[in-house]
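Here the sequence shown is numbered in the UniProt record's numbering, starting from 1 and rising by one per residue. Beta carbons: idealized from backbone N, C-alpha and C, even for Gly. Below is one structure; the comments refer to it alone.
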Amino acid sequence: MGLDQVGLQIVAEGGDAKEAKAAKKIIPLRKRGNLLLCTLVVMNVAINSLISILSAGLAGGLLGFACSTILITIFGEIVPQAVCSRHALQIGAAVGPVMYVMMVLFYPICKPLAFILDKCLGEEVGTIHTRTELRELLNIHVKHGAIDVETGREMAGALKYKDLLVRAVMTPKEKVFMLSADARLDYRTVRAIFGTGFSRIPVHGASTDDIVGLLFTKDLIFIDPVDATPVKNFIQVFGRAVHAVWPDQPLGDVLKVFKGQRAHMAIVRDVNSSGPGDPFYEVAGIITLEDIIEEVLGDEILDETDTLEHVASTAQRAERCNVEATRLHLLNASTTENKLSREEASAVAAHLSANVEQFGALSKEAVTAVVAASTVVTLRREASAGAAPAAADYLYRRGRVSTACTLVLTGRLTVAAGRDAFQSESGPWSVLGADALLAAEGAYRPDFSASISSDQLRVIRMNRATFAALKPTVDKRVSMCHSSSHYSNFTHLEDL
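Written out as structure tokens, the structure reads:
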């Protein structure tokens, strides 16, 4: 009787095969709860009475009373309860057939009693826990090692997140990156968006309390920063809906909104009734699907919206953001610098090492040093639009000696290759003439021609002589640094 139906059902569907088998044998018997109870009680009273009568008849008086008390207490109560409390499933499954026989024998007596109990007490449901009790049950299981800490935290988060309010997890307006509808999507604005790392940007009107739309970062693929498209015109094209919630809404309701509307972000609106004037609506902040997931998981997902406390993590994120912004800066057609910064050289080196076979065998430091020593050249097309390329427009001529490798940053090249001079275009991050860096002096003759096809072209020209001079020096320096206990990275030519 100490095994309720809920507990037996949990064990029956559990992972231990022996316990599950025993529980499945007990469940049909346990479902007849009151009949089983009456049978056990009648049997227990009958046996105890029999022991008392026999003890009194054999010993008589006080001695019989003492003997019956000792026998009933030890063998009828203490020993059975101690054993069954630890091996209830095994014992219950073993004596199941015996109990069926006893229930049949005592049926005329026990059935009427069980019927009365069923009518008076109702159906036995078993132990059902509240959310608070379930969380405490999880804590106990985690404490005793039945559930690992992370799993326990996630299960507890799933139980409690619906009771949390939006105001407890939202990002305050002061920390939200917004754009004005009057802003223009030029290079500076696009770089600012890219630098934040956000995928959705709220757009406000005359004030930050007037949210007029959402700008999805992925939509920026359709714009050219040179056109400086107004934000208000751009967001009207896609018509991204803005969803609003209230600070005192439970997270469970907000999650339903996100699922129903297929949204990932909502604006948190609140009523400002402070001051002498009439109450008005204001933006209190934003809440995202990720905020809710963090509460369900019971752990923080470190991303661009979070303030990191660990110095190492902060440094890693800062470095990642710098590299991403640097790569975007390389694509700015309006820049006029003829040398790359340390960060820009490192970003270009990463691209070359990963995508250009001739650089793959070199250390990153060697590639970075070669890039840093190279010159950034800005060229303009001499020939007019639609006309054949002028002589000055060619960077490579088929069959003519070349000693430079070219990486396109902005603009386009027309490449004519093969016997039929098949033409194709090469844009940003395209690499031409990489074999010139590995060939002997004057031995590389390209099998293609490449000419400027855009009005302006910005490229990095890596010279064979610089490559040959720096490669062994840098590789030797890197080897020495790896063997030293005080290893330090260097990416600048001045470090050599």
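(1) Between the segment 425–432 and the segment 392–411, do at least 3 Cβ pairs fall closer than 8 Å?
(2) Quick one: what's got a C-beta closer than 8 Å to Arg184's C-beta in the same chain, skipping five residues either side?
(3) Using DSSP bridges, identify the partner residues of Pro230.
(4) For Ile51, which residues of its own chain have a beta-carbon under 7 Å away from its beta-carbon, when the five flanking residues on both sides are left out?
(5) Which value, in whole angstroms, describes the spacing of the CA atoms of Ala261 and Ile293?
(6) Tell me the DSSP secondary structure of Tyr100 in three-state form.
(7) Rounded to whole angstroms, what is the Cα-Cα separation between Ala284 and Ser346?
(8) Thinking C-alpha only, which one of Lys160, Pro112, His144 and Glu150 is nearest Leu134?
(9) With a cut-off of 8 Å, do at least 3 Cβ pairs link the segment 155–170 to the segment 198–206?
(10) Is the segment 372–384 in contact with the segment 454–462, if contact means three or more CB pairs nearer than 8 Å?
(11) Going by other Cβ atoms of all chains shown within 10 Å of its Cβ, with 16 needed for buried, is Leu8 buried or exposed?
(12) So, using beta-carbon positions, are Asp299 and Arg153 closer together than 8 Å?
(13) My parser needs the alpha helix (DSSP H) runs of 4 or more residues fully inside the segment 69–99; what are they?
(14) Within its chain, find whatever has a CB closer than 7 Å to the CB of Phe177; leave out the 5 residues flanking it on each side and keep chain order.
(15) Going by beta carbon distance, what residues of the same chain come within less than 6 Å of Ser451, once the five residues before and after it are set aside?
(16) Measuring only the C-alpha atoms, how far is Pro247 from Arg167?
(17) Taking just the CA atoms, how far does Phe194 sit from Tyr444?
(18) In angstroms, rounded to a whole number, what distance separates the CA positions of Val42 and Arg86?
(19) Assuming Glu19 contacts Leu89 under a Cβ cut-off of 8 Å, what Cβ separation, rounded to an integer in Å, is found between them?
(20) Going by CA-CA distance only, name the one from Gln236, Ala206, Thr208 and Pro225 that's closest to Leu215.
(21) Out of Ile211, Gly157, Ala436 and Arg400, state which residue places its alpha-carbon closest to the alpha-carbon of residue 555.
(22) What are the start and end residues of the alpha helix (DSSP H) that includes residue 498?
(23) Quick check on this structure: which residue in Arg269, Val101 and Val95 has the alpha carbon closest to the alpha carbon of Pro172?
(24) Please classify Asp209: does DSSP put it in a helix, a strand, or coil?
(25) So what's Gln9 in DSSP terms, helix, strand or just coil?
(26) So who's on the other strand from His204, going by DSSP bridges?
(27) Quick one: Cα of Glu174 to Cα of Asp209, how far?
(28) Which value, in whole angstroms, describes the spacing of the CA atoms of Gly57 and Gln81?
(29) Per DSSP, what kind of secondary structure is Ala284 in: helix, strand or coil?
(30) Alpha helix (DSSP H) containing Ser374: first to last residue?
(31) If you scan the UniProt domain "CBS" (238–304) from start to end, which runs of the beta strand (DSSP E) of 3 or more residues do you find wholly inside it?
(32) So what does DSSP say about Ile460, is it helix, strand or coil?
(33) Would you list the residues sitting across from Pro172 in a DSSP beta bridge?
(34) Can you tell me where the beta strand (DSSP E) with Val415 in it begins and where it stops?
(35) Measuring alpha carbon to alpha carbon, tell me which of Asn34, Ala361 and Val370 ends up nearest Ala114.
(36) Quick check on DSSP: helix, strand or coil for Leu29?
Straight from the coordinates:
(1) yes
(2) Ala228, Thr229, Pro230 and Val231
(3) Arg184
(4) Ser68, Leu71 and Ile72
(5) It should be pointed out that residue 261 corresponds to Gln in this sequence rather than to Ala. Each residue's alpha carbon lies about 17 Å from the other.
(6) helix
(7) 41 Å
(8) Lys160
(9) no
(10) yes
(11) buried
(12) yes
(13) 79–86 and 88–94
(14) Thr196, Phe198 and Ile201
(15) Pro389, Asp393, Tyr394 and Thr414
(16) 5 Å
(17) 40 Å
(18) 24 Å
(19) 6 Å
(20) Gln236
(21) Only positions 1 to 496 of the chain appear in the structure, and residue 555 is not among them; the question remains open.
(22) Absent from the structure is residue 498, since the part of the chain shown begins at 1 and ends at 496.
(23) Arg269
(24) coil
(25) helix
(26) Ser180 and Ile211
(27) 12 Å
(28) 28 Å
(29) strand
(30) Note, Ser374: premise wrong, no alpha helix (DSSP H); not H, not E.
(31) 265–272 and 280–288
(32) strand
(33) Gly285
(34) Leu413 to Ala417
(35) Asn34
(36) helix
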